[in-house]
Each structure stands twice: as structure tokens, then as C-alpha cells.
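Residues -8 to 110 (the working numbering) are what the sequence shown spells out, left to right. We treat Cβ as the ideally placed atom computed from N, Cα and C, and that holds for glycine. Take a look at the structure below.
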Amino acid sequence: MLTVYGIPNCDTVKKARTWLAAQGLDVQFHDYKKQGVPADRLDAWIKAVGWEVLVNRQGTTWRKLDDATKAGVTDAASAKALMLAHASVIKRPVIEQDGQVKVVGFDEKKAAVLLEQRP
């Protein structure tokens, strides 16, 4: 089972969900806006890929933060606090397979790993 974490109106999340469905993959969607960011999963993602990968410094949410907030993101703990407070700053989507992070962000080449691991 794949779980896609993100925001439904995000173009990259839409692209990922469409691509995954076209591949016939069974997908569960976790909406940050409605369901919040799961803190336990966030810990696992930070451990698996690092907070630097998860914090989207290119996005609108990051750019709208004040300079002091941005400067305060210096380690996993401060990044986690920011991501819990501002879910939109998390690079999207985060795709898990059987509880393991497989893809952060989306492009078809990255996502092809999900097809290789299909039962």
C-alpha cells in the first residue's frame, strides 16, 4: 500500500496522484490540510531522508516566512517545529510504501522505483 502525503490542490501532488493511478497502484491519500501532519511520520521522514530534503525552500510558504523564522531552521528539531506549524513548507508529495519513505517530491523517474517494488 502506498500513502501519498500532501495537499490536494498542489500541482505536483495532483501530477503524482494521476501518474500513480495510471500505473494501477493502490494509493491512500493523506491531506495535510484536513488531517494534519502526522508527527510520528515526520520523525520517520527526517530520520530517513533528512530535514534538509523535507523543507521546501523554493516554495511560496517558505518565501512568505519572516527572516528570523527562516534563520531559526538550523537542525531537525527546529525544522520539525516549522513543518508542524506550516504543513505547506514540506516538499510535496511524500510517498511512503509500507511505512518507508520512497519518494519526496515527484517526477516519473523517481517514482519508477515504486513500480519495481510492486508485489
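- Within the segment 3 to 67, the complete alpha helix (DSSP H) segments at least 4 residues long are 23 to 26, 30 to 40, 42 to 45, 51 to 55 and 58 to 62, listed from N- to C-terminus.
- Taking alanine 67 as the centre and dropping the five residues before and after it, the same chain places the C-beta of Ile37 and Trp42 closer than 7 Å to its C-beta, in chain order.
- Secondary structure note for valine 104: its alpha helix (DSSP H) is the uninterrupted segment 99 to 107.
- Put simply, the backbone Cα of lysine 82 is about 22 Å away from that of leucine 106.
- Looking at the DSSP output, glycine 96 shares a beta bridge with no other residue.
- Taking a cut-off of 8 Å for Cβ pairs, the segment 5 to 20 and the segment 79 to 97 touch, as three or more such pairs fall below it.
- Under DSSP, isoleucine 86 forms a beta bridge with Val(-5) and Val94.
- For the set Lys71, His77 and Val44, the Cα lying nearest the Cα of aspartate 57 is the one of His77.
- For valine 4, the closest C-alpha among the options Val104, His21 and Asp89 is that of His21.
- The Cβ neighbour count for proline -1, taken over all protein chains shown within 10 Å, is under 16; the residue is labelled exposed.
- About 6 Å separates the Cβ atoms of methionine 74 and leucine 33, confirming a contact at the 8 Å cut-off.
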